[in-house]
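Written below as structure tokens is the structure these notes are about.
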Amino acid sequence: CHAVMVATGYLQNHHAFSRMNPMSTVELASQYLDMAEMNPPPSYLYIQKHLRWIFRSALQPNDPSFDSSNWKDWRVRMWSFLVRPYLRSIEQFRGFLALYVQQSGEEDRVPDSIHKLVATVTFGSVKKGGKRSAREITQG
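Structural data, given as structure tokens:
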């Protein structure tokens, strides 16, 4: 019980136990995806749920002026995009991280695994995700 309570708190505030340089939200999420790639969870839903805990404070701020019904706010769009059923692959979740970096402007300490994606990623490309055409598969 204590481990679950600590883990949930850590996912929300990953700087809480750090004595070193604190990791950014993107760095933590990228490390999580690296681990999920090495040890795949039983379902993509685990990844979605963990990423929602990791990004909760960044995408749902406690600021009273924050309007969660304002669909023009990039944070609202990102939060709702994260729960879409078509996000199922590690590649798509890395695309989500690249979108977050692109939308937030937090380009400091961007992990190498998503660095190249930041300039070209779009919501549509993340949705399309790992679906490659037959031509792309045969070419490489």
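Our numbering applies: residue 1247 is where the sequence shown begins, and numbers increase by one.
A virtual CB, placed ideally from N, CA and C, is assigned to each residue, including glycine.
Between the C-alpha atoms of residue i and residue j, what's the straight-line distance to the nearest angstrom?
i, j, result
"L1345", "P1287", "23 Å"
"T1271", "L1343", "9 Å"
"N1308", "K1362", "32 Å"
"F1327", "T1368", "12 Å"
"Y1292", "L1333", "12 Å"
"V1364", "N1316", "24 Å"
Since I believe residue j is in contact with residue i (beta carbons under 8 Å), could you give me their beta-carbon distance rounded to a whole number of angstroms?
i, j, result
"L1279", "R1340", "6 Å"
"S1276", "S1359", "6 Å"
"L1305", "R1321", "5 Å"
For residue i, does the three-state DSSP call read helix, strand or coil?
i, result
"P1324", "Note on residue identity: the sequence assigns Met, not Pro, to residue 1324. In this structure, M1324 counts as helix in the three-state DSSP scheme."
"M1269", "coil"
"L1333", "coil"
"D1280", "helix"
"G1351", "coil"
"D1358", "helix"
"G1370", "helix"
"L1274", "helix"
Runs of beta strand (DSSP E) lying entirely within the stretch 1290-1315, each at least 3 residues, in chain order: Runs found: none.
Three-pair Cβ contact test at 8 Å for the stretch 1367-1376 versus the stretch 1330-1338: Yes: at least three Cβ pairs fall under 8 Å.
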